[in-house]
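Visitor: Heads up: take any position in the sequence shown, counting from 1, add 63, and you land on my numbering. Ideal Cβ positions, reconstructed from N, Cα and C, are used throughout, including at glycine.
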Amino acid sequence: MGLAGHRPRLGAALAALALLAVALLATAPAAEAKPKSIRGIDVSRFQGHIAWKQVGKTQTKFAFLQASRGSGDDCSVVPEQCGADPTYLRNYKKARAEGIRVGAYHRAFASDPGTEIDGIEGAKLDAREEANLFASVVGQLRGRDLRPVLDVETPFKGLDEIELQAWIKAWLSRVERKLGSKPIIYTNNSSWQATGDTTTFALDGHPLWVANFGVPSPLVPAANWAGKGWTIWQYTSIGHVRGIAGNVDKNKLARGFGKIKAR
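Have a look at this one:
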């Protein structure tokens, strides 16, 4: 029998196979889409007036806002760059109004206070003054707020490793007590070496916000933050976001907001 005699049965078989393939595709589980990183920014008085309505139309999901820088004698050097940030309250209200999750940060000027009290006790005194300033600017944390942040980066004036550790601990403890939320630590690998690359704060549960630019993945201090890794990565200082003039720092979260929400 020639091929012509097999055509009806061959056609039926091919049709059945086609229907089976369609059925299998319909019932197969869809491949999970890789989740996109949650992106955010951090800003201060140096960004000037921010058009938050425009920012709210971008992919910006969170923003850390500078609430204060240094305190006391620190402010005698460059007064306009110290103390309470005059843009904080407006930025806080406007960003929240656009559905952007916000947190406050303090730029530390860790130093010996230059008084009769020096060493560890002097470091603690200076830290508590800065913590009190920060807490007074922030006030009370509200729903959807992110954890407060201590920005730990050079220079550290007149403090050795142990004194710097004492300074950081005093600030963190005071702010946690006043605001009721365990702060995040912002730093970079080179600055953190001044603490002796201590893992103390990682082990105490303070999430890490690390700065490292122009790399595929950040260099994480303190033995990969005691094996916990980074929580926030500041990956550029020359980003651009609609509504903000000039450059702005950009950040991404390692996961969701769970580890950085204030409550």
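#1: Does the pairing of the stretch 192-202 with the stretch 159-173 give three or more beta-carbon distances under 8 angstroms?
#2: Using C-beta distances below 7 angstroms, list every residue in its chain close to Leu-152, excluding the 5 sequence neighbours before and after it, in chain order.
#3: Where does Gln-228 land, buried or exposed, given buried means 16+ other C-beta within 10 angstroms?
#4: How long is the line joining the alpha carbons of Ala-147 and Lys-245, rounded to whole angstroms?
#5: What is the DSSP secondary structure of Ala-67, reduced to helix, strand or coil?
#6: Beta-carbon separation of Ala-53 and Val-200 under 8 angstroms?
#7: Whose C-beta lies closer than 8 angstroms to the C-beta of Gln-256 among residues of the same chain, with five residues either side of it excluded?
#8: Give me, in chain order, the residues of the same chain whose beta-carbon lies closer than 7 angstroms to that of Gly-162; leave out the 5 immediate sequence neighbours on both sides.
#9: Mind pulling the alpha helix (DSSP H) runs of 4 or more residues that sit fully within the stretch 130-180?
#10: So is Lys-156 buried or exposed if we call it buried at 16+ other beta carbons inside 10 Å?
#11: When DSSP labels each residue in this structure, what does Ile-295 get in the three-state scheme?
#12: Express the C-alpha separation of Gly-133 and Leu-222 in angstroms, rounding to a whole number.
#13: Within the same chain, show all residues whose beta-carbon is closer than 7 angstroms to that of Leu-282, passing over the 5 residues directly before and after it, in chain order.
#14: Bridge partners of Asp-260, per DSSP?
#15: Name the DSSP beta bridge partners of Leu-316, please?
#16: Buried or exposed: where does Ile-307 fall if 16 or more other Cβ atoms within 10 Å of its Cβ makes it buried?
#17: If we ignore side chains and look at the alpha-carbon of each, how far apart do Val-141 and Gln-117 end up?
#18: Helix, strand or coil for Leu-209? Go by DSSP, reduced to three states.
#19: Going by DSSP, what residues sit across from Leu-271 in a beta bridge?
#20: Find the nearest neighbour of Gln-203 within the set Glu-216, Ile-231, Arg-240, judged by alpha-carbon distance.
#21: Would you mind giving the Cβ-Cβ distance between Ile-104 and Val-278, rounded to the nearest angstrom? I have them listed as a contact below 8 angstroms.
#22: Between Ala-274 and chain B, is the shortest Cβ-Cβ distance under 8 angstroms, so that the two count as touching?
Guide: Reading from the atomic positions:
#1: They touch, by the three-pair rule.
#2: Correct list: empty, nothing qualifies.
#3: Gln-228 is buried by the Cβ-count criterion.
#4: When the Cα atoms are used, Ala-147 and Lys-245 turn out to be separated by approximately 21 angstroms.
#5: The predicted model places Ala-67 with a pLDDT of 38, which falls under 50 and marks its position as unreliable; any figure quoted below should be read in that light. Ala-67 falls in the helix class under three-state DSSP.
#6: Nothing can be reported for residue 53, as the shown portion of the chain is limited to 64 through 326.
#7: Closer than 8 angstroms at the Cβ level, and outside the excluded window around Gln-256, lie Pro-284.
#8: The beta carbon of Gly-162 sits closer than 7 angstroms to those of Gly-119, all from its chain and outside the five residues before and after it, given in chain order.
#9: If only uninterrupted alpha helix (DSSP H) runs of at least 4 residues are considered, those enclosed by the stretch 130-180 are 151-160.
#10: With fewer than 16 Cβ atoms within 10 Å of its Cβ, Lys-156 is classed as exposed.
#11: Reduced to three states, the DSSP call for Ile-295 is strand.
#12: If I take the Cα positions, the gap works out to 15 angstroms.
#13: Asn-252, Asn-275.
#14: None; Asp-260 has no bridge partner.
#15: BP columns for Leu-316 point to Ile-295.
#16: It is buried - the Cβ of Ile-307 has at least 16 other Cβ atoms within 10 Å.
#17: Cα to Cα, Val-141 sits roughly 32 angstroms from Gln-117.
#18: It is a strand residue.
#19: According to the DSSP secondary-structure assignment, Leu-271 is paired through a beta bridge with Ile-248.
#20: Among Glu-216, Ile-231, Arg-240, the Cα nearest to that of Gln-203 belongs to Arg-240.
#21: Rounded, the Cβ-Cβ distance is 19 angstroms, inconsistent with contact.
#22: Absent from the structure is chain B; it holds one protein chain and no more.
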